[in-house]
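The numbers in numbering that gives the first Met the number 0 rise by one with no breaks, and the one at position 159 of the sequence shown is 158. Using N, Cα and C, we set each Cβ at its ideal position, and we do this for glycine too. Below is one structure, written out as structure tokens; the observations come after it.
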Amino acid sequence: MITLYAFGRVHPGMIGKGRDLRAQWALEETGLPYRVHALDYLAGELVGPAYSRLSYFHQVPVIDDDGFIVGESGAVLLYIAEKAGKLIPADFTGRTQVVQWCFAALATVERPLFEIQMIDLGFRGEGAGERRAALVKEAGRWLDGLERRLDGREWIACEAFTVADILLATVLRQVRNTDFIEPYPRLKAYYARALARPAWQRTLSLCAERQGVTVADIR
Ligand SMILES: N[C@@H](CCC(=O)N[C@@H](CS)C(=O)NCC(=O)O)C(=O)O
């Protein structure tokens, strides 16, 4: 059975923001049996000897599938999809589309949005206001591209919902002030459509339960 290593006890500002939620969302979508090992970040469990053997970077998410270890959220999601035979098409070209949009989410869109999130959470100090404006401008280039891609499409990679949508929606969610998405009506509707999925709603509830808060606290 798959064990998902996810955040347990963390600083209050980190609750509900981890990339572990992407993996749990994929697991909830597929119905694969799994259990969660909730790591105690505050007690240093991520840098302890046991977890260091699973994660070279001391980060979440990691999954352990009966001894087969996978880290990095993109790889974890693709593994879950391959194992379940869900959230990724069977044909070679369809799979390539999914891989393309997974990379686009992680390598292109996530970079400026993650930095904006860090600024909004107060982790970047002096000059952050100017830097934020530059990052929003940079992100605009990628969001324009997503808006064009979503013309006449429900999901980003394929006709059906895939792991690329989980990655993209959770990347967009890193910035909680959704003003940045306002100029993009298709992207805004896409984002709402993705987060309305029952598997995401269950993921939020499970995260809240694990971290001892209410769902309202982490939306
Ligand atoms: N590239 C990695 C990034 C993983 C990552 O940044 N994980 C964060 C949580 S979102 C973490 O574990 N942070 C704890 C730390 O770095 O000390 C992925 O996509 O999985």
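Query                                                                                                : Result
Any non-hydrogen atom of ligand 1 closer than 7 angstroms to E181 Cβ                                 : no
Sequence ranges, alpha helix (DSSP H) only - wholly within the stretch 157-205, length at least 4    : 162-171, 184-194
6 angstroms Cβ shell around C101 - same chain, five flanking residues per side excluded              : G73, A163, L166
Given 8 angstroms, three or more beta-carbon pairs between the stretch 121-137 and the stretch 62-73 : no
Buried or exposed (CB count within 10 angstroms, at least 16 for buried), L99                        : The question names Leu, but residue 99 is Gln in the sequence shown. It is exposed - the Cβ of Q99 has fewer than 16 other Cβ atoms within 10 Å.
For R34, the first and last residue of its enclosing beta strand (DSSP E)                            : 33-38
Contact set for E81: own chain, Cβ-Cβ below 8 angstroms, skip 5 residues either direction            : I87
Short Cβ contact (8 angstroms threshold) for Y190 with L171                                          : yes
Start and end residues, alpha helix (DSSP H) containing V98                                          : 91-102
Own chain, CB closer than 7 angstroms to G205, minus 5 neighbours either side, in chain order        : The residue asked about is misnamed: residue 205 is Leu in this sequence, not Gly. Only Q23 meet the Cβ criterion.
Between the CA atoms of L20 and G84 - distance to the nearest angstrom                               : 20 angstroms
Close beta carbons around G12, own chain, < 7 angstroms, minus the five adjacent residues each side  : L120
Y50 vs L38 beta-carbon contact at 8 angstroms                                                        : yes
Every unbroken alpha helix (DSSP H) inside the stretch 96-153 [4 residues or more]                   : 109-119, 127-148
Pair within 8 angstroms by beta-carbon distance, T2 and D90                                          : no
Contact check, C157 vs G93, beta carbons under 8 angstroms                                           : yes
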